[in-house]
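> Can you keep this structure in mind? I'll have questions shortly.
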Amino acid sequence: MFLFSIFLILFAVFFYLFLRDRKHQFSPLWLMLSTWMIGLGVPQLHLSRIEKDWYPAFWLLLIVSLCMFVIGFYVFDWIWRKNVTRPFMGADKSAGYSGVSSQQLKINSLRVIIYALFFISLIALAMFYTRAGNFPLLAPDTDVFRFVADEQVPGLINYTAQFARLFIPLSFFLIFYVARPFMSSNPEPINRNATKWDLILIILIGAISLTLFASRTQIFFVDLWVMALYLLMRKPNLKQALKFYPIFLLISVLVLAAVPLYRQYKSYGTTDYLAGVTSIDSSGFNPIGKALLPIYVGVSFNQQALLHVTEYYETNDLQRGKVSLDPFTNIFGKAIPTLNKYKSDFDLCAIFKCWWNTGTYLFPFVQDFGKAAFVFVPFLLAGILAAVWRYWQSSPNFLSLNLYAYACFFIIMTIYLSFTVRAEMYLDLFLLLAIHLAVSKKVIPGYSTNIA
């Protein structure tokens, strides 16, 4: 409990710096450190009897990974700021929220794209139901059905059926943008009432459709993207923040708590399956404690998975990049059969537990490169995130804002999920770039352009 309290205090300090540090406000440096204080602190509660104690060598690897992220951030931030940002990202010292962006937003084009994603998702939802016969949340055994449906429904249908993960944040982006246009010094007058109600309806339908898949990750994704967008676009003061975040968080927490509890009840009845399989004595837990148990298990057991995979590849052959390539070999393997020889081959049951198949962002890289991953992966990741952050700071536009909001989601999920091995991340980023090209328009400073 002592270590948990220490890490909780460090989390609060780093998150305060994330919000208030003038030089590095909203930077990935402080967000990553605050997130990992939670990732290191929660397992120190030691609620499960099957969790291994963290030995000094593992602690050292985790500390090294965080130190390399800090070093990488400062190194790459200096490089991007001095040599890359201005010539290649269209940055201007006067640009930003008080200046003129080099791009304007074609509002009607973005709305059409949101509508298109919405209707494509409805078609895909119907196809999903036709092929699978139900949705995970409504199935008699939700947990089993989720895996069965993944086998019965092709990946493209699965992905497009969950397009709400994209059109909900994009709808919020448009609502926030209409409330405060910032990408033009001469924004076009907008009828705000006519702009938002259709988007609100789309958001509500999309939220329901995502909930049908009973996936906490998808709900987290939308929540964090939207909350980051509000922070990055509006830069709210305390009074403004209190108008948005409490209501949004209350709804989100209720859904995030209700979905796993309902899923567990549908699959296992009144038996506390999660506590049982993880050997946690939950008999003395109050309802709030039981609702938070999945979060504890998710964070703590992902660190356990990282510990186990580090030990496993001390005596087994490394995958040597194949795990990192899995999203691409899975997508293109059918069209280009020769790629299939580069698919990874490992047994998750041998690494940790058969019923546990997630890990921190480092998990797949340890499979590929062993302990070296703790050194170079955080360093390189810091460089990518620093570039995205500097891009947003220097040139706030549709792409930079959504990319960094997406990056905020990724950073927070580094303790909860190995997102780099999920093909949807790369598809999301490709779609974001394509949408940016469709809705953004270069303008000459000093000239007014009709953007509707």
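Residues in the sequence shown are numbered from 14 upward in steps of one, following the numbering used here. We treat Cβ as the ideally placed atom computed from N, Cα and C, and that holds for glycine.
Classify Thr328: buried if its beta carbon has 16 or more other beta carbons within 10 angstroms, exposed otherwise.
Locating residue 328 in the sequence shown gives position 315, counting from the first residue. Exposed, since its Cβ has fewer than 16 Cβ neighbours within 10 Å.
> Leaving out five residues on either side along the sequence, give the residues of the same chain with a beta carbon under 6 Å from the beta carbon of Ile63.
On the sequence shown, position 50 is the one that residue 63 refers to. For Ile63, where only same-chain residues beyond five positions count, the Cβ hits under 6 Å are Ser292.
> How about the region 349-359 and the region 271-278: do they share at least three Cβ pairs that are nearer than 8 Å?
Verdict: no, contact absent.
> Taking the Cβ atom as the reference point for each residue, do Pro167 and Ala399 lie within a distance shorter than 8 Å?
Residue numbering aside, residue 167 sits at position 154 when the sequence shown is read from its first letter. Residue numbering aside, residue 399 sits at position 386 when the sequence shown is read from its first letter. Cβ atoms of Pro167 and Ala399: not closer than 8 Å.
> For a test of the three-state rule: what should DSSP assign to Leu118, helix, strand or coil?
Your numbering for residue 118 matches position 105 in the sequence shown. Note: Leu118 maps to strand in three-state DSSP.
> Could you have a look at Ser408 and say whether DSSP puts it in helix, strand or coil?
Position 395 of the sequence shown, counted from the first residue, corresponds to residue 408. Reduced to three states, the DSSP call for Ser408 is coil.
> Say whether the region 367-385 touches the region 324-341, bearing in mind that this needs 3 or more beta-carbon pairs closer than 8 Å, one atom from each stretch.
Yes: the two stretches touch, three or more of their Cβ pairs being nearer than 8 Å.
> Since Ala288 and Leu306 are thought to touch, with beta carbons under 8 Å apart, how far apart are those beta carbons, to the nearest angstrom?
Within the sequence shown, numbered from 1, the residue matching residue 288 stands at position 275. Within the sequence shown, numbered from 1, the residue matching residue 306 stands at position 293. Rounded, the Cβ-Cβ distance is 6 Å, consistent with contact.
> Distance check for Asp156 and Phe257, CA to CA, integer angstroms please.
Translated into positions along the sequence shown, residue 257 becomes position 244. Translated into positions along the sequence shown, residue 156 becomes position 143. Taking the straight line from one Cα to the other gives about 33 Å.
> Report the three-state DSSP secondary structure of Lys454 (helix, strand or coil).
As a position in the sequence shown, residue 454 is number 441, starting the count at 1. In the structure shown, Lys454 sits in a strand (DSSP, three-state: E or B).
> In the structure shown, what three-state DSSP assignment does Ser40 receive?
For the purposes of this step, residue 40 is identified with residue 27 of the sequence shown, where counting begins at 1. Three-state result, Ser40: coil.
> Do Thr371 and the ligand GDP come close, with the Cβ less than 7 Å from some heavy atom?
Looking for the ligand GDP in the displayed structure turns up nothing, as the structure carries no ligands at all.
> Can you give the beta carbon distance from Val235 to Leu244, rounded, assuming they're within the 8 Å contact cut?
Here residue 235 corresponds to residue number 222 of the sequence shown, with the count starting at 1. Here residue 244 corresponds to residue number 231 of the sequence shown, with the count starting at 1. Not a contact, Cβ separation roughly 15 Å.
> From Asp154 to Asp163, what distance separates their C-alpha atoms?
Residue numbering aside, residue 154 sits at position 141 when the sequence shown is read from its first letter. Residue numbering aside, residue 163 sits at position 150 when the sequence shown is read from its first letter. Whole-angstrom Cα-Cα distance: 14 Å.
> Can you tell me whether Ser61 is helix, strand or coil according to DSSP?
As a working note, residue 61 is residue 48 in the sequence shown. If DSSP states are grouped into helix, strand and coil, Ser61 belongs with the strands.
> Return the chain-ordered ranges of every beta strand (DSSP E) run that is complete within the region 262-301 and spans a minimum of 3 residues.
DSSP runs (the beta strand (DSSP E)) wholly in the region 262-301: none.
> Tell me the DSSP secondary structure of Asp105 in three-state form.
Your numbering for residue 105 matches position 92 in the sequence shown. Residue confidence is low: Asp105 scores 43 on pLDDT, short of 50, so the model does not pin down where it sits. Its coordinate-derived value is still stated next. Note: Asp105 maps to coil in three-state DSSP.
> Run through DSSP, which three-state label would Arg435 get?
Here residue 435 refers to the residue found at position 422 of the sequence shown. Arg435: coil per DSSP, three-state reduction.
> Could you work out which residue in Phe432, Ala25, Gln38 is closest to Gly54 when comparing CA atoms only?
Within the sequence shown, numbered from 1, the residue matching residue 54 stands at position 41. Checked all of Phe432, Ala25, Gln38; the closest Cα to Gly54 is Ala25.
> For the candidate residues Leu169, Val239, Ala227, Ala145, whose alpha-carbon lies nearest to that of Phe180?
Position 167 of the sequence shown, counted from the first residue, corresponds to residue 180. Closest option to Phe180, Cα to Cα, is Val239.
> Helix, strand or coil: which one does DSSP assign to Tyr172?
Residue 172 sits at position 159 when you count from the first residue of the sequence shown. Here Tyr172 sits in helix by DSSP.
> Determine whether the beta carbon atoms of Ala174 and Phe141 lie at a separation below 8 Å.
Taking the first residue of the sequence shown as 1, we reach residue 174 at position 161. Taking the first residue of the sequence shown as 1, we reach residue 141 at position 128. Yes, the Cβ-Cβ distance between Ala174 and Phe141 is below 8 Å.
> Are there 16 or more other CB atoms within 10 angstroms of the CB of Tyr68, so buried, or fewer, so exposed?
Translated into the one-based positions of the sequence shown, residue 68 becomes position 55. Its Cβ having fewer than 16 others within 10 Å, Tyr68 is exposed.
> Could you name the residues of the same chain whose beta carbon sits closer than 7 Å to that of Lys95, not counting the 5 residues immediately before and after it, in chain order?
Taking the first residue of the sequence shown as position 1, residue 95 is located at position 82. Contacts found: none.
> Throw me the rounded Cβ distance for the Ala418 and Phe86 pair, which I believe falls under 8 Å.
Translated into positions along the sequence shown, residue 418 becomes position 405. Translated into positions along the sequence shown, residue 86 becomes position 73. 19 Å between Cβ atoms; not a contact.
> If you draw a straight line from the alpha carbon of Asn299 to that of Tyr355, how long is it in whole angstroms?
Here residue 299 refers to the residue found at position 286 when the sequence shown is read from its first residue. Here residue 355 refers to the residue found at position 342 when the sequence shown is read from its first residue. Their backbone Cα atoms lie some 48 Å apart in a straight line.
> Are the beta-carbon atoms belonging to Ile344 and Ala436 less than 8 Å from one another?
The residue labelled residue 344 in the question sits at position 331 within the sequence shown. The residue labelled residue 436 in the question sits at position 423 within the sequence shown. Closer than 8 Å, so yes.
> What's the C-alpha gap between Leu338 and Arg229?
The residue given as residue 338 occupies position 325 in the sequence shown. The residue given as residue 229 occupies position 216 in the sequence shown. Cα-Cα distance, rounded: 25 Å.
> Among Phe17, Leu187, Leu23, which has the Cα closest to the Cα of Ser122?
As a working note, residue 122 is residue 109 in the sequence shown. The shortest C-alpha separation from Ser122 is found at Leu187.
> Give the single residue among Ser408, Gly372, Val434, Val290 whose Cα lies nearest to the Cα of Lys335.
On the sequence shown, residue 335 is found 322 positions in, with the first residue counted as 1. Out of Ser408, Gly372, Val434, Val290, Val434 has the C-alpha closest to the C-alpha of Lys335.
> Which residues bound the alpha helix (DSSP H) around Asp236?
Translated into the one-based positions of the sequence shown, residue 236 becomes position 223. Run containing Asp236: 229-247, per the alpha helix (DSSP H) assignment.
> Going by DSSP, what residue range makes up the alpha helix (DSSP H) through Thr155?
Here the question's residue 155 lines up with position 142 in the sequence shown. Here the alpha helix (DSSP H) through Thr155 covers 155-165.
> Between Phe392 and Pro56, what straight-line distance do the alpha-carbon atoms span, to the nearest angstrom?
Counted from its first residue, the sequence shown places residue 392 at position 379. Counted from its first residue, the sequence shown places residue 56 at position 43. Between Phe392 and Pro56, the C-alpha separation is close to 24 Å.
> Between the alpha carbons of Thr371 and Met426, how many angstroms are there, rounded?
Here residue 371 refers to the residue found at position 358 when the sequence shown is read from its first residue. Here residue 426 refers to the residue found at position 413 when the sequence shown is read from its first residue. Looking at the two C-alpha atoms, the distance is approximately 11 Å.
> Among the candidates Leu237, Trp93, Tyr278, whose CA atom is the shortest distance from the CA of Leu150?
Translated into positions along the sequence shown, residue 150 becomes position 137. Considering only alpha carbons, the answer is Tyr278.
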